[in-house]
Amino acid sequence: MIVGRSRFYSFWKKKLSYGLKKRRFSAAMRLLSLPEQKKYRILEVGCANGMDAVQFLSDTDKYEVYGVDIKPYTIEQENFRFVQADAQALPFADKSFDLVLTFGLLEHIEPMEKLCRVIAELDRVGRHQISVVPSVSTLVEPHCAALLYPLRLHEDMVRQEGPLRLNFFSDHTWAKFLGFSDCKVKVLYYLFPFVKNTVIYR
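Numbering (full-length UniProt numbering), first residue to last: 1 to 202.
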């Protein structure tokens, strides 16, 4: 677990990354083999303002989109419904979504017991899933604006910086979580050659 420079991360998310997010979303979706059907029911957990996935699912003929976040957000999109809830106890029936998405969520969840419960919920409500997290092999970590930051010791940063904390696991370790046991893992470049993401999918 590391602590990041939240000012840079906020600037990165709000100003620099729209095109990169769109490309990452499309690349992650191409990894799936979704069954052919008229309309897909999709849930993004930790949707926040919808910039990572919801905004790219605006086709009302193809998608019925739900978003969950522990904080209240307002997203103006015709085919979107927001539900304020804790990801540890999603208010949906088993396998009620064709696809469940998380982008940049799981690396922020602590302690480990809570992370395990969230992953189990993703597995419970979704027939297919995509979870995108930072790759431990990334050269630059955008949360922290630092070179090879996942490989460093962070005692000084923990003392100096604010509350943004990150979990870094190897690809092999992510696949060991019970809710991800039947998932595949692939590393994608978010910003070649500097920033990599790990995609866990099925």
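Think of the CB as a built atom: it goes at the ideal place given N, C-alpha and C, for glycine as much as any other residue.
Where Val54 is concerned, there is no enclosing alpha helix (DSSP H), because DSSP gives it neither an H nor an E. The C-alpha of Leu148 lies about 24 Å from the C-alpha of Gly19. Residue state for Pro150 is assigned as helix, using DSSP reduced to three classes. Between Asn197 and Pro150, the CB-CB gap reaches or exceeds 8 Å.
Minimum Cα-Cα distance from Phe103 among the listed residues Phe25, Gln37, Ser17 corresponds to Phe25. Between the alpha carbons of Arg202 and Ala146 lies a distance of about 31 Å. Taking C-alpha positions only, Leu32 is separated from Ser131 by approximately 12 Å.
CA-CA distance, Arg165 to Val140, rounds to 16 Å. Sorting Ser137, Ser170, Lys62 by C-alpha distance to the C-alpha of Tyr189 places Ser137 at the top. Taking a 10 Å sphere around the C-beta of Glu113, we find fewer than 16 other C-beta atoms and assign the residue as exposed.
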